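Participant:
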Amino acid sequence: MKRPYIYITRKCSEEQLKPLYEVADVDMWKEEEIPCPREVLLEKAEKADGLLTMLSDSIDKELLDKADQLKVIANLAVGFDNIDVQYANSKGIVVCNTPDILTDTTADLTFGLLLSTARRLMEASEYVKQNQWKSWGPLLLAGHDVHHKTIGIVGMGKIGQAVAKRATGFEMEILYHNRSRNENAEKTLGATYRSFDELVTASDFIVCLAPLTPETRELFNKETFQKMKNSSIFINASRGAVVNEEDLYDALVNGEIAGAGLDVFLNEPIGAEHPLVGLHNVVTLPHIGSASYETRYAMMKLCAMNIAAVLNGNEPKTKVVI
Ligand code: DGY
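So that you can map any letter, position 205 of the sequence shown is 205 in full-length UniProt numbering, and since no number is skipped, the others follow by simple counting.
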């Protein structure tokens with residue numbers, strides 16, 4: 001019997017993909033940092049039974065209409081806004097993601113980004129590396145305190161709760177906004193629910209972890225930034241499109257907010273010429289929320305196991321349900 005054909009759109013660890021090699025012929029784009037070109041992806045998708053995709057691959061109607069054999073897509077991310085899940089499901093294609101295993105790693109990065117932005121760690125490191133450190137100064141590279149401040153988390157899912165847990169160690173007051181109340185976060189972390197407007201008005205740190213949906217697209221815009229305290233710091237570790245980047249730039253330049261820490265951007269990757277990169281009060285990272293060796297290997301393995309499960313007629317561990 002013909003073995004199923006799986007295409008993986010980026011170089012991944014073969015060791016982690018063992019469950020797939022056992023059941024299928026596996027083909028892989030061999031580059032680590034150069035994405036698989038669209039035309040290659042379309043051509044491979046035409047004959048693929050399964051795809052292991054990255055969040056930078058657009059799995060849209062055009063692709064799905066060509067993919068007559070396709071049974072399963074495993075996205076190497078918890079987010080799945082790059083996939084038309086509804087259309088895929090209507091064609092009987094199962095979509096899987098990688099929740100849970102990346103929660104703590106992404107929360108570590110998000111809280112690290114918050115600390116780096118508040119305490120100007122990147123600037124301070126550059127200052128030494130550029131040989132600018134000539135003497136100790138009372139306000140040299142002074143930043144903002146994190147401990148005992150108010151953190152407002154927008155999107156209180158698993159990663160939001162893990163960030164809140166870290167905030168308790170800094171004795172912060174925790175506010176959150178979410179589609180629905182999160183009783184667990186209220187009970188175990190002392191988090192307080194606020195309307196979106198109340199949260200952005202009252203918080204010292206506004207941390208966005210909400211998934212990208214029609215409701216959250218450009219949720220952070222001119223009007224939102226105007227409501228924030230002038231001393232507030234905005235952190236985004238969800239998706240770039242939840243922010244209107246021009247409005248964020250204006251808010252930072254006009255002193256409406258004090259700083260921003262960004263792991264995600266509207267059009268990734270961005271270059272050094274991106275206006276936000278040039279601002280001294282912005283920390284920019286290349287979308288590395290879940291990027292630890294342990295977690296990325298676990299994500300690859302989970303994707304492989306999910307694809308193998310579907311091909312074997314079983315329920316995958318982490319199927320996207322919309
Ligand atoms: C995800 O998994 O959706 C994250 O954005 C990766 O860092």
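Each residue gets a CB set at the ideal place from its N, CA and C atoms; glycine is no exception. Bear in mind the structure is a predicted one, so any value in this text is a computation, not a measurement.
Taking only heavy atoms of the ligand DGY into account, decide whether any of them is closer than 7 Å to the Cβ of Val78.
Facilitator: Along the sequence shown, one-based indexing puts residue 78 at 78. Within the cutoff, so yes.
Participant: Which residues mark the beginning and the end of the alpha helix (DSSP H) in which Val23 is found?
Facilitator: Looking up residue 23 in the sequence shown gives position 23. Residues 18–23.
Participant: So, Val85 versus Thr98, is the Cβ gap smaller than 8 Å?
Facilitator: Here residue 85 refers to the residue found at position 85 when the sequence shown is read from its first residue. Here residue 98 refers to the residue found at position 98 when the sequence shown is read from its first residue. Not in contact: Val85 and Thr98 (Cβ atoms no closer than 8 Å).
Participant: Pick helix, strand or coil for Phe220, following the three-state DSSP scheme.
Facilitator: The residue labelled residue 220 in the question sits at position 220 within the sequence shown. Here Phe220 sits in strand by DSSP.
Participant: By a C-beta neighbour count over all protein chains shown, 10 Å radius and 16 as the cutoff for buried, is His280 buried or exposed?
Facilitator: Mapped onto the sequence shown, residue 280 falls at position 280. With fewer than 16 other Cβ atoms within 10 Å, it is exposed.
Participant: In chain order, what residues of the same chain have a beta carbon less than 8 Å from the beta carbon of Lys66, not counting five sequence neighbours either side?
Facilitator: For the purposes of this step, residue 66 is identified with residue 66 of the sequence shown, where counting begins at 1. Correct list, in chain order: Leu42, Ala45, Glu46.
Participant: Return yes when the C-beta of Thr106 is under 7 Å from any heavy atom of the ligand DGY, and no when it is not.
Facilitator: Counted from its first residue, the sequence shown places residue 106 at position 106. Thr106 Cβ: within cutoff of the ligand DGY.
Participant: State the DSSP-derived secondary structure class of Asp108, mapped to helix, strand or coil.
Facilitator: Taking the first residue of the sequence shown as 1, we reach residue 108 at position 108. Of the three classes helix, strand and coil, the one that applies to Asp108 here is helix, per DSSP.
Participant: Compare the beta carbon distance of Asp204 and Ser180 with 8 Å and say whether it is the shorter of the two.
Facilitator: Within the sequence shown, the letter at position 204 stands for residue 204. Within the sequence shown, the letter at position 180 stands for residue 180. No. Outside cutoff.
Participant: Can we count residue 354 as close to the ligand DGY, meaning its CB is less than 7 Å from some heavy atom?
Facilitator: Since the first residue of the chain shown is 1 and the last is 322, residue 354 is not available in this structure.
Participant: What residue from Leu121, Asp197, Leu115, Ala210 has the CA that sits closest to Lys158's CA?
Facilitator: Counting from 1 along the sequence shown, the entry for residue 158 is found at position 158. Measuring from the Cα of Lys158, the nearest candidate turns out to be Ala210.
Participant: Over what stretch of residues does the alpha helix (DSSP H) that includes Asn184 continue unbroken?
Facilitator: Here the question's residue 184 lines up with position 184 in the sequence shown. Its alpha helix (DSSP H) spans residues 183–189.
Participant: With DSSP as the reference, label Ile73 as helix, strand or coil.
Facilitator: In the sequence shown, counting from the first residue as 1, residue 73 sits at position 73. When DSSP states are grouped into helix, strand and coil, Ile73 belongs to the strand group.
Participant: Do you know how far the Cα of Tyr127 is from the Cα of Val321?
Facilitator: The count along the sequence shown starts at 1 and reaches residue 321 at position 321. The count along the sequence shown starts at 1 and reaches residue 127 at position 127. Rounded to whole angstroms, Val321 to Tyr127 spans 47 Å at the Cα level.
Participant: Three-state secondary structure (DSSP) at Gly259?
Facilitator: Taking the sequence shown and counting its residues from 1, one reaches residue 259 at position 259. Residue state, collapsed to three classes: strand.
Participant: So what's Gly50 in DSSP terms, helix, strand or just coil?
Facilitator: In the sequence shown, the residue the question calls residue 50 occupies position 50. Here Gly50 sits in strand by DSSP.
Participant: Across which residues does DSSP place Met28 in a beta bridge pair?
Facilitator: Position 28 of the sequence shown, counting from 1, holds the residue named residue 28. For Met28, the pairing in a beta bridge is given by DSSP as Ile8.
Participant: Any idea if Tyr21 is buried or exposed, counting beta-carbon neighbours within 10 angstroms, 16 or more meaning buried?
Facilitator: Position 21 of the sequence shown, counted from the start, is the residue given in the question as residue 21. So Tyr21 counts as exposed.
Participant: Helix or strand or just coil, what does DSSP make of Thr213?
Facilitator: Position 213 of the sequence shown, counted from the first residue, corresponds to residue 213. The three-state reading of DSSP puts Thr213 in coil, since its state is none of H, G, I, E or B.
Participant: What residue does the alpha helix (DSSP H) around Ile307 start on, and which one ends it?
Facilitator: As a working note, residue 307 is residue 307 in the sequence shown. Its alpha helix (DSSP H) spans residues 293–311.
Participant: In angstroms, rounded to a whole number, what distance separates the CA positions of Met228 and Asn312?
Facilitator: Residue 228 sits at position 228 when you count from the first residue of the sequence shown. Residue 312 sits at position 312 when you count from the first residue of the sequence shown. Near 51 Å, if we compare the C-alpha coordinates of Asn312 and Met228.
Participant: So, helix, strand or coil for Leu175, using DSSP?
Facilitator: For the purposes of this step, residue 175 is taken as the residue at position 175 of the sequence shown. Leu175: strand per DSSP, three-state reduction.
Participant: How big is the Cα-Cα spacing for Met299 and Leu102?
Facilitator: Taking the sequence shown and counting its residues from 1, the one referred to as residue 299 is at position 299. Taking the sequence shown and counting its residues from 1, the one referred to as residue 102 is at position 102. Taking the straight line joining both Cα atoms gives about 8 Å.
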